[in-house]
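Asker: Right, I'll just put the structure down here and ask away after.
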Amino acid sequence: MNKQSAAAALLRDCERALDALLPKAKAEAGPGQAEQREFRRCQALLPEELRSLLEEAKEMKWPFVPERWQYKQDLGPEDKTNLQDMISTRLPDLLAYLKASILAGECGTAAAVVFLLDRFLYWIDASGRLLRIAEGLHRLPPPPPPPQGLHRLHPAAPISPQLLIRRARLALSAARPLDYANNADYNSSRKKKKEIPSFL
């Protein structure tokens, strides 16, 4: 199985996981301990640099996935790693982490993984499925408050400008620019000042 076929199969697993999560979220049923354990196991498989990038993506520190060397004048050996090569090597682990994040209800982490994978999956012609996952994440309702009564409602999963632009490009390639324009108009009517635009 080549890389494109393997990625497509893993993305289908993520879509099925998202489909399974939606009714649970609507019923306000949180993830179980098994899902949380699998989430932590998949997280531990990733190298420190990828975990660091994913945390920065969750915090929206940049609108587009950067190469570290683009923002430094003095480069060290650790800055010479090509992000494409790192993602290519760790693609199965990242997609497994995406699925585990979805099943554990960690939508912010899942959105960060989607963001990090976007450019690489575009290069292997797998953007369509990834964008459908991004849409599904954004449609999930916020989880219920924890049992202790702390009112930490999860915000709607934020989607980066990079993914908005990717969707526009795919719509243009499919000769359906009005589909994207309509969604963009809807976005602009919903967003507040200084907010990162929502995907839908």
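For any residue, its number in my numbering is found by taking its place in the sequence shown, counting from 1, and adding 991.
Note that CB positions come from ideal geometry on N, CA and C, so glycine has one too.
Please read all numbers here as calculations on a predicted model, not as lab measurements.
#1: So, at 8 Å on beta carbons, what are the nonlocal neighbours of residue 998 in its own chain, with the 5 sequence-adjacent residues on each side left out?
#2: So, using beta-carbon positions, are residue 1045 and residue 1104 closer together than 8 Å?
#3: Going by alpha carbons, who is nearest to residue 1033 out of 1129, 1079 and 1092?
#4: Roughly how many whole angstroms lie between the Cα atoms of residue 1095 and residue 1028?
#5: Leaving out five residues on either side along the sequence, give the residues of the same chain with a beta carbon under 6 Å from the beta carbon of residue 1007.
#6: Under three-state DSSP, which class holds residue 1004?
#7: When the Cα atoms are used, what is the spatial distance from residue 1004 to residue 1036?
#8: Would you say residue 1009 and residue 1120 are within 8 Å of each other, going by their C-beta atoms?
#9: Pop quiz: residue 1100 and residue 1052 are said to be a contact at Cβ under 8 Å. What is the actual Cβ separation, rounded to whole angstroms?
#10: How is residue 954 classed by DSSP in three states: helix, strand or coil?
#11: Would you mind giving the Cβ-Cβ distance between residue 1122 and residue 1102, rounded to the nearest angstrom? I have them listed as a contact below 8 Å.
#12: Go through its chain and collect everything with a Cβ distance to residue 1088's Cβ below 7 Å, but skip five positions before and after it.
#13: Apply the 10 Å Cβ neighbour rule to residue 1039 and answer buried if 16 or more other Cβ atoms are within range, or exposed otherwise.
#14: Can you grab the Cα-Cα spacing for the pair residue 1107 / residue 1074, in whole Å?
#15: For residue 994 and residue 1124, what's the separation of their Cα atoms in angstroms?
#16: For the stretch 1078-1122, list the alpha helix (DSSP H) runs that are entirely contained and at least 4 residues long, ordered along the chain.
#17: Please report how far the alpha carbon of residue 1109 lies from the alpha carbon of residue 1041, in whole angstroms.
Answerer: Reading off the structure:
#1: 1082, 1086, 1112, 1115 and 1117
#2: yes
#3: 1092
#4: 9 Å
#5: none
#6: helix
#7: 19 Å
#8: no
#9: Actually they are not in contact, since the Cβ atoms of residue 1100 and residue 1052 sit about 15 Å apart, beyond 8 Å.
#10: Nothing about residue 954 can be read from this structure; the chain reaches only from 992 to 1191.
#11: No, residue 1122 and residue 1102 are not in contact; Cβ-Cβ is about 12 Å, not under 8 Å.
#12: 1033, 1034, 1037 and 1104
#13: exposed
#14: 10 Å
#15: 19 Å
#16: 1098-1114
#17: 14 Å
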